[in-house]
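Participant: Residues 117 to 702 (this note's numbering) make up the sequence shown, in order.
My questions will all concern the structure given below.
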Amino acid sequence: MAQEDITVDVLVVGTGASGMATAVTAASQGLKVLVVEKEARYGGTTARSGGWLWIPGTRLATEQGIVEPDGAAKAYLRHETTTHFDEKRVDAFLEYGPKAIDFFTRNTCVQFDMPAVFPDYHAEATGGQPGGRSMVTRPFNGHELGKRIKQLAPPLPELTVFGMMLGSGPEIKHFMRAFKSPTSFVYVAKRLTKHFFDVLGNGRGMMLTNGNALAGRLAKAGMDLDIPVWLSSPVKNLIVEFDGVAGAVVQREGKTIRVLAKRGVVLACGGFPHDIERRKQLFPHAPTGKEHYSPSPESNTGDGLRLAESVGGRVDPTIPHAAAWVPTSVTTRKDGSKGVMPHFIDRAKPGVISVTAKGKRFTNEGNSYHDFVQAMVKACEGEPEVSAWLLCDHKVLRNYGLGCVAPAPLPIGRHLRSGYLKRGATVGELAREIGIDPATLEATVAEFNAAAKTGQDPAFGKGSKAYNRYQGDALVTPNPCVAPLESGPYYAIKLVVGDIGTFAGLVTDEKTRVLDSTGRPIKGLHAVGNDAASVMGGNYPGAGITLGPALTFGYVAAMQLAQVDVAAEVSLKVERREPVAVSRSA
Ligand SMILES: Cc1cc2nc3c(=O)[nH]c(=O)nc-3n(C[C@H](O)[C@H](O)[C@H](O)COP(=O)(O)OP(=O)(O)OC[C@H]3O[C@@H](n4cnc5c(N)ncnc54)[C@H](O)[C@@H]3O)c2cc1C
């Protein structure tokens, strides 16, 4: 097989938020950067995500009139990260996160919108805030990407309506109220018409939202700096020379290419959500590694972790939770393939409860997905399977939808026929349908309903926390998260454990350098995004706690490699880059 050598300053492995943030920052400082991607399309998990970033203390918050009390963010992270509070990395995140946002929003097309209210997931805890830390990527016109729009990974089908990923809160509300409010009806009609014309003309929607907008915007920022991105080009090995990592071996178009990276290699392969062996080792609910479902791309098989381990890097197995847990349901797509639906919001809606296979409620359903799964695992201790059921009545199903089932007027027949959605004329009949003792489920629903009539949930306090209420229905009073289940038929969807990204990762320092077992940096090797151990210590403090650090530490890694003072105010040093030359050496 022919072998070629090329030399760059920085080799970035992976095209998710962390990799592209590194690449754009490094190229902006005059470094010659190459990005390689295993998949035929760029964007990774990032392109499927909600596109939310959690970074306290940004200019965007100040512009909303939100000023953090001094030290609140650090106190909150100290509280959240418990045994894994890494002060140096937390300080770096809090100091450079706002700088990274300034860098991107002032110099590139990567832009965000900050809602005044989006509570931290534990807003009531020390240092928690009701808003000002979570921002969402601003929608992006896909035409800006020219022909490269075709290479952008699509959104997760389960999170789209007619192939269209709905933007942030206000847009979702318009869709839910389309047949209740004339304003919403007009909004939805216009959005759908534009989308259908886009699909006819371009084969896909061109109004990119959420994570698709983030991946699209970062790609455009890379295009503006002429950063080459090699698709279908996995890194197979790292090249070790003298005292550190000198580059990597990449497979591309049937050739083996040695990419020598003068300043360093940055691993940004998106963690290990589809590495069965590591799941087996680190996910207690998945003893064979297979009792777990991830909506992340199947190409995220832990390559970055293995590459680093092969040169002395190590993964910290002691992090309290090895992944960002999310309850998921498994559905069959129209083409027969399996889809994994993450349940982010539906659990908090009034009239939705969850029960174990024994028919008992086990937690506040409005809590964050990470917290919900922890309660689900605990409630299933000693059971053959970790699973639960999400329940609602007909009115709630048609009002808000549930999982993959969209609200009215979209039909539900396909989901009933596939067995994804279970139905019973009465609670008892539904219980028989899903294999729960009818008397137990009837008693559970009756007990919930009795208090729910006055908006109470004495058992678990659904709606008692700011984050619960934010995800509820503000039009329902007195409790936006609580209403009785009383208008049959009744419905259920089975929940199993999944993740939206992994937390256990390579041990790195505050400069993103991969550390060896003695705690020394491995020369020439950095890790960012989910390839690095999460700075959140295995907890999930708020919306955007993986993408916020991904962008921040991508920026930090690049500034280290460019040997620029990371604390300085930085701007683009170059307008355009020369394309990377390929020279044949063997
Ligand atoms: C449905 C969903 C919603 C989410 N919403 C949010 C949110 O709103 N906010 C938030 O913070 N987090 C969210 N997340 C999690 C977030 O998307 C991920 O944590 C984040 O995108 C990870 O970024 P990354 O750069 O580390 O990896 P990725 O975006 O996964 O990119 C890694 C890339 O590396 C490539 N790669 C792997 N191995 C190799 C190799 N050997 N050679 C070359 N390339 C390789 C992969 O193909 C992939 O394209 C969500 C996740 C999901 C699934």
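We treat Cβ as the ideally placed atom computed from N, Cα and C, and that holds for glycine.
On a predicted model such as this, the values are computed, not experimentally measured, just so you know.
If I'm right that Leu506 touches Ser534 with Cβ under 8 Å, what's the distance once you round it to whole angstroms?
Facilitator: So it is not a contact: roughly 16 Å between Cβ atoms.
Participant: Verify the contact flag: Trp168, CB atom, against every heavy atom of ligand 1, threshold strictly below 6 Å.
Facilitator: yes
Participant: Identify every residue that forms a DSSP beta bridge with Val356.
Facilitator: BP columns for Val356 point to Val361.
Participant: Are there any heavy atoms of ligand 1 lying less than 6 Å away from the beta-carbon of Arg164, as far as the coordinates show?
Facilitator: yes
Participant: What does DSSP give as the partner residues of Gly455 in its beta bridges?
Facilitator: The beta-bridge partner set that DSSP reports for Gly455 consists of Thr447.
Participant: Using the Cα positions of Gly529 and Ser453, report the straight-line distance between them to the nearest angstrom.
Facilitator: About 18 Å.
Participant: Is any heavy atom of ligand 1 found at a distance shorter than 6 Å from the C-beta of Asn353?
Facilitator: no
Participant: Suppose contacts are defined by Cβ-Cβ distances below 7 Å. Is Pro389 in contact with Asp186 by that definition?
Facilitator: no
Participant: Here's the rule I'm using: 16 or more other beta-carbon atoms within 10 Å means buried, otherwise exposed. How should Glu369 be labelled?
Facilitator: exposed
Participant: Just grab the DSSP bridge partners of Phe564 for me.
Facilitator: Phe564 pairs with nothing; no bridge assigned.
Participant: Is the CB-CB distance between Trp441 and Val489 below 7 Å?
Facilitator: yes
Participant: Bridge partners of Thr668, per DSSP?
Facilitator: Thr668 is not bridged to any residue.
Participant: Helix, strand or coil: how does DSSP classify Thr593 here?
Facilitator: In the three-state scheme derived from DSSP, where H, G and I count as helix and E and B as strand, Thr593 is classed as coil.
Participant: What would DSSP say about Val183, mapped onto helix, strand or coil?
Facilitator: coil
Participant: Beta carbon of Ala133, beta carbon of Leu663: below 7 Å?
Facilitator: yes
Participant: For Gly213, tell me which candidate among Tyr656, Glu626, Val630 has the shortest Cα-Cα distance.
Facilitator: Glu626
Participant: Assuming contact is defined by CB atoms lying nearer than 7 Å, are Gly654 and Trp168 in contact in what I supplied?
Facilitator: Going by C-beta atoms, Gly654 is not nearer than 7 Å to Trp168.
Participant: Given that a residue counts as buried once 16 or more other Cβ atoms are within 10 Å of its Cβ, and exposed if not, what is Ala491?
Facilitator: Buried, because 16 or more other Cβ atoms sit within 10 Å of the Cβ of Ala491.
Participant: Please classify Lys306 as buried or exposed, where buried requires at least 16 neighbouring CB atoms within 10 angstroms.
Facilitator: exposed
Participant: Does the Cβ of Lys263 lie closer than 6 Å to at least one heavy atom of ligand 1?
Facilitator: no
Participant: Along the chain, where does the alpha helix (DSSP H) that runs through Ala331 open and close?
Facilitator: 326 to 340
Participant: Would Phe256 pass as a contact of Ala329 if the rule is Cβ separation under 7 Å?
Facilitator: yes
Participant: Cβ of Gly571 within 7 Å of Cβ of Pro594?
Facilitator: In terms of Cβ geometry, Gly571 and Pro594 form a close pair [threshold 7 Å].
Participant: The alpha helix (DSSP H) that contains Pro637, what's its start and end?
Facilitator: Segment 637 to 643 is the beta strand (DSSP E) holding Pro637; no alpha helix (DSSP H) there.
Participant: Is it true that the CB of Val690 sits closer than 7 Å to the CB of Val682?
Facilitator: no
Participant: So, under 8 Å CB-CB, Ala643 and Val651 are touching, yes? Tell me the CB distance rounded to an integer number of Å.
Facilitator: Actually they do not touch by this definition, with Cβ atoms about 12 Å apart.
Participant: Quick one: residues in its chain with C-beta nearer than 8 Å to the C-beta of Ser426, no 5 flanking neighbours on either side, listed in chain order?
Facilitator: Asn353, Leu354
Participant: So, with DSSP's three-state summary, where would you put Lys306?
Facilitator: helix
Participant: Can you check which of these residues, His510, Ala620, Ile550, Lys538, is closest to Ala599 by C-alpha distance?
Facilitator: His510
Participant: Bridge partners for Cys385 per DSSP, in chain order?
Facilitator: Beta-bridge pairing links Cys385 to no other residue.
Participant: CA-CA distance, Arg700 and Gly670?
Facilitator: At Arg700, the pLDDT of 38 sits below 50, so the modelled position is not reliable; the number obtained from the coordinates is stated separately. Taking the straight line from one Cα to the other gives about 31 Å.
Participant: Met492 by DSSP, collapsed to three states: which one?
Facilitator: The answer is helix: DSSP assigns Met492 an H, G or I state.
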